[in-house]
Every structure is written in C-alpha cells, then in structure tokens.
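Here the protein sequences come in this chain order: D and P.
Under my numbering, the first residue of the first sequence carries the number 144, and numbering increases by one thereafter.
Under my numbering, the first residue of the second sequence carries the number 144, and numbering increases by one thereafter.
There are 2 protein chains.
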Amino acid sequence: MTDPSVTGVARPTHKPDTRTRRPVEEREAQIIDAAFLAFAEAGLDETRLEDIARLAGVAKGTIYLYFPNKEALFREMIRRTVLVRLDELEHAPHDADAVTDFARVVRSYWQYINEPQFPVLYRLVTGVLPRLPELSQFFAERVSLRWQRLLQSCIDACIRDGVFGREQAAGAARMLHALLMQHALMRANPTICDAIGLHDADAVMDRVLSFFRAAMRPSPPPTHAADDSTH
Amino acid sequence: MTDPSVTGVARPTHKPDTRTRRPVEEREAQIIDAAFLAFAEAGLDETRLEDIARLAGVAKGTIYLYFPNKEALFREMIRRTVLVRLDELEHAPHDADAVTDFARVVRSYWQYINEPQFPVLYRLVTGVLPRLPELSQFFAERVSLRWQRLLQSCIDACIRDGVFGREQAAGAARMLHALLMQHALMRANPTICDAIGLHDADAVMDRVLSFFRAAMRPSPPPTHAADDSTH
DNA sequence: TGTAAAAATGACTGACCGGTCAGTATCGTT
DNA sequence: AACGATACTGACCGGTCAGTCATTTTTACA
C-alpha cells in the first residue's frame, strides 16, 4: 500500500528555502490541468471526481482541500484556461503601421481560437449555459467582445489610412469576428472540417482575410459603368 | 409484445376510421415537446425523466412505452426538432431570377436559425458532442453543410449572371454561412446581444447582406491607379 | 353490460457518485 | 528523537434518479 507516485522523492537536504507553501500552487495547477482533460472528454456532469483525482495523481479528498466543490472547480478551470495568453496578446504594443497592426491582431486572434483548448472551452461553456450563466457572460466578455473591440480599433486605423473604405465600417469587427470564430469552430468539427477541407489553418485564415479585404476595399470612384462585368 | 405502432390497423371492423392507433403519435409528440422544453432548460443530464413526464402530463413509466431510454428520447427529440421546416424550405422551387432566389434562400436560412428553438438545439447538441458524436454529425450535415450547398448554388447563379464577381467565389457560401450563423448565435446570447445591439433581426440581416454584397461586388476594370483612395 | 386486451401508472430498487472525515504520512522545528 | 502542524487519503454515507413491473384504468367490441 502507500502511494508510490510521489513519496520518498524529496530528500531533506538541510533546507534550501521553506518551500512549504509552494506545493499549494502546484497542486492546484495539477488538479486544474487534470480537470481540463477530464471535463473536455466528458463534460461537467459525466465527469466523476474520481477521474479527475486519478488523472491528477491525488485522492478524491485532496481536491476538496483546494476547491469547495465540483462546480467551483469547473468554473475555476474555465476561468484560468480562458485567460491563458489572453492578456499578453492584448497588451502587446501597437505598431505604427495600421495595416501591419491589423494583420498582427488578426493572426493573434486566429491563433488563440485555433488552439485545441479553445473549441473545448467553447463547448463546455456553451453546454452549461443555463446552469452557469455568469460563466457564459465571462466568456462572452473576455473573448467575443474584447477581441471585437480590439479588432475594431485596428480596422478604424486602417480606414483612417484609407486602406479600408468607410462604407462597411459599422460592424466590420463583428463581421471579421464572425468569420474567424465560425471558421475556427468548423475546423474543430471533424464532420465539417473533412467535408469542406479546412485542415490548413493558414490557408483558411488567408481565405477569410481575402474575403474581408474584398468587402472593405474602398469603392471605386463613381464611374457608372453599367455592365462591365464580363469575366 | 409485437409492434404496437402498426398492429391492429387491418382490423376488418365495420368502423370506418379506427382511430385506435391515433393516440400513439399524439403521445409521442406530446412527450417530445415536453422533452424539448425540459432539456432546453436543464440539458441532458440535469433533466429528470419525472420533469418531462410532468410537463407531458403522463407518468414516468409511460415514457418508456414510447422510448427505450432517456438518451434515445433526447436523440429523437433533437432529430425531429432539427428537421421541422427544413425540408419544406429546401424543396421550394427555384426562382427564375438568381438574385431573387438568393435573397429568398438567405432569408429562409436566417429565419430558420433565428427561431428560438435553434440556439437551444445548437447548445444541446454542442453540449453532448463527445457523448453522442453521431448527433453532432447529423446536425452538421443537416444544417451547416446542407445550407452551405444551397447557398453556394444560389451564389453561383448570381455569379453567372454577373451580379457577383468571380474573385471571391470559392468558399463564398461558407463565408455567408459563417456570418449568418455567428450573428444568430450572438443574438441568442443576451450578454453579447445587449452589448452590441443586435435586437432587430431584420436590421442585422441587412447589415450582414450588405457586407457580403460588398465583398462579392465585381472588381472594377484594372485601372491601376496607385493611391486614389483619398476620399 | 361484460370482458379481454392495451395503455398507463407510480412505488420501488439498486447503481452511482458528490461530498465527508477519521485516520495516516510527511515535514519543519527543537 | 520527539512533537506538533500540515497535507493527504480513501472508505463510507446518503441522496438521487434511471429504469422496472405489478397493479389499475381505459378502450374496443360483442
């Protein structure tokens, strides 16, 4: 008996520093990581605390030393996983060139929502919406709205520079967000991804951006040519 | 024993319309409707069979006369609710005019995904994805892919007519689908809907269509004016 | 009205699992 | 080494609920 997984490792080499409290954060992270994996596979209700405990390499009771209950663990897991990398991305300094800036932000967003965690989070949050509405609110605020604001500011800069026309300015960020988000979600769905070939993430983003730029390109001066559309 | 769904019809009784078996379908529909309401509120796991039974006005045991278990009831509820109105829409005869046709199909799709049931179905299906992957496949096939094909055929017709340019032809239906779907989902999320004002469904659709048309408008002839963009 | 079959009922059962806590192991200090 | 203090464990408890089935109600028909 006893636990062979961790015991006996930490030899008392005098005492380098009192790391007594360090393990607390480690344990939490350990449990959170395990929770992500377990919840990702089975969702909030179908996941048993035992499973999380086993994945984390601790006993079930240990989880309750760090989180008051299953739901709180779930919530905290979502919170932390959503926030990973989000802040650093937003706080990156703006470039001088509006176009470069725009491209950089779009790429960051695209990267973020195409990491494998993202669709999982989206699914988990969506799945528990009626039970944990504040979580969905948090998600909407932190992801959808935040990025839309960021995108809009880049787009506005491009409009000021004359790269984009003014015609589609209103809601342009929403459109771009919709295109990117939906494509990321489609890519995460094997049925759809296979059916319409979205495997190459870069290619998909280029395609979306090309479409977006086409919509945003300034109108030609009013030369009223009736039907010059021949191929 | 035997199959209750069809048996007894061939009775040579002189009664002209033996409605003997009519209640069977009624009961099923009754239970399915109640299941939709109950599942919509709490999801697959959190919904108790008792709740569904109470909503349907039957006893719990009765449900098991019509559905083998909870999961099958859930699946069947999704299947039927997804299919409602889908076929009739697709089978409507095509118009002669490509533009009118396009507008009609887009409006149908928009209507479909903005009915209050739709986001609920989307959420439910998304929520149980790892457990019932074939359901998500069904949903993807019946909604996303089917409509994308339909949209693409309308768009192609518009391109042939010169209304849309050829440049963005590839994946145009996917783009439009992404825009419409994501906007419908955002509209169903109170946090987002309130934050960016998407309450007026018609206005939102117009905005999306305007953006889409801007992207699809044929390019002007190649007058290579370098920087004519100054308003 | 009688009666047999079909339909519906809801009390019951047993598996399951979130949460508890008495007990054990480990660590830091003296 | 001895002694708290702290971290961890996992058997256990109790509530819950999907699914069952003996019983009751309804229906069909003579």
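By construction, the Cβ of each residue, glycine as well, lies at the ideal position given by its N, Cα and C atoms.
As the structure is a prediction and not an experimental result, all values here were calculated from the model.
- Taking C-beta atoms under 8 Å as the contact rule, P:Ser279 and P:Val268 qualify, at a distance of about 6 Å.
- Taking 4 residues as the minimum length, the alpha helix (DSSP H) runs contained wholly in the region 260-348 of chain P are 260-270, 276-282, 289-303, 315-331, 333-339, in order along the chain.
- Using a 10 angstroms sphere on the CB of D:Leu208, the tally of other CB atoms stays under 16, which defines it as exposed.
- Taking C-beta atoms as the reference points, P:Val351 and P:Val306 fail to come closer than 7 Å.
- Interface with chain P (7 Å Cβ-Cβ cutoff): D:Ile335 is included.
- In this structure, the straight-line span from the alpha carbon of P:Gln291 to that of P:Met329 is close to 20 Å.
- When Cβ-Cβ separations below 7 Å define contact, D:Ser287 makes contact with chain P.
- Identification of chain P residues near D:Phe179 by a Cβ-Cβ cut-off of 8 Å yields none; the smallest Cβ-Cβ distance measures about 14 Å.
- Of all alpha-carbon atoms in D:Arg218, D:Ala185, D:Asn212, the one lying nearest the alpha-carbon of D:Pro276 is that of D:Arg218.
- Under the Cβ criterion (8 Å, minimum of three pairs), the region 313-322 of chain D counts as touching the region 316-323 of chain P.
- In the same chain as P:Phe282, and ignoring 5 residues on each side of it, the C-beta atoms closer than 6 Å to its own belong to Val268, in chain order.
- With fewer than 16 other CB atoms across the displayed protein chains lying within 10 angstroms of its CB, D:Arg191 is exposed.
- Here D:Ala358 really is in contact with P:Ala358; their C-beta atoms are around 4 Å apart, less than 8 Å.
- Residues are counted here when their Cβ sits less than 8 Å from a Cβ of chain D; for the region 166-178 of chain P the count is zero.
- Only buried fits D:Ser287, as 16 or more other CB atoms lie within 10 angstroms of its CB.
- Spatial neighbours of P:Asn332 in its own chain (CB-CB distance under 7 Å, excluding positions within 5 residues in sequence) are not present.
- Within the region 166-233 of chain P, the runs of alpha helix (DSSP H) that reach at least 4 residues and sit entirely inside it are, in chain order, 192-199, 203-209, 213-226, 229-233.
- The shortest C-alpha to C-alpha distance from P:Ile221 to any of P:His237, P:Asp176, P:Ala196, P:Ala202 is the one to P:Asp176.
- For P:Ala215 against P:Ile174, the beta-carbon gap comes to about 12 Å, at or over 8 Å, which does not count as contact.
- For D:Ala327, same chain residues with a beta-carbon under 8 Å away, outside a window of 5 residues either side, are Trp253, Ile256, Asn257, Phe261, Pro262 in chain order.
- Residue contact check for D:Met324 against chain P: a CB pair falls below 7 Å.
- Contact check for P:Asp244 and P:Asp238: beta-carbon distance about 4 Å, within the 8 Å limit, so the pair qualifies.
- Residues of chain D with a Cβ closer than 8 Å to the Cβ of P:Arg218 do not exist, since the nearest Cβ in that chain sits about 16 Å away.
- Taking the Cα of P:Asp345 as reference, the smallest distance to any Cα among P:Leu272, P:Ile335, P:His234, P:Ala246 is reached at P:Ala246.
- Residue contact with chain P for D:Arg266: present (Cβ-Cβ distance below 7 Å to some residue of chain P).
- Interface annotation, D:Leu229: not in contact with chain P, CB-CB separation never under 7 Å.
- A straight-line Cα-Cα distance of about 6 Å links D:Leu341 and D:Val347.
- Chain-order list of chain P residues neighbouring D:Pro363: Pro363, by C-beta distance under 7 Å.
- The Cβ atoms of P:Ala316 and P:Gln295 lie closer than 7 Å to each other.
- For P:Gln260, no chain D residue has a C-beta closer than 8 Å to its own C-beta; the minimum C-beta separation is roughly 15 Å.
- With contacts defined as CB atoms closer than 7 Å, D:Gly270 and D:Gly204 fail to qualify as a contacting pair.
- Per DSSP, the unbroken alpha helix (DSSP H) holding D:Asp244 starts and ends at 241-257.
- When only Cα atoms are considered, D:Thr334 and D:Arg266 end up about 16 Å apart.
- Approximately 10 Å separates the beta-carbon atoms of D:Leu264 and D:Val227; this is outside 8 Å, ruling out the contact.
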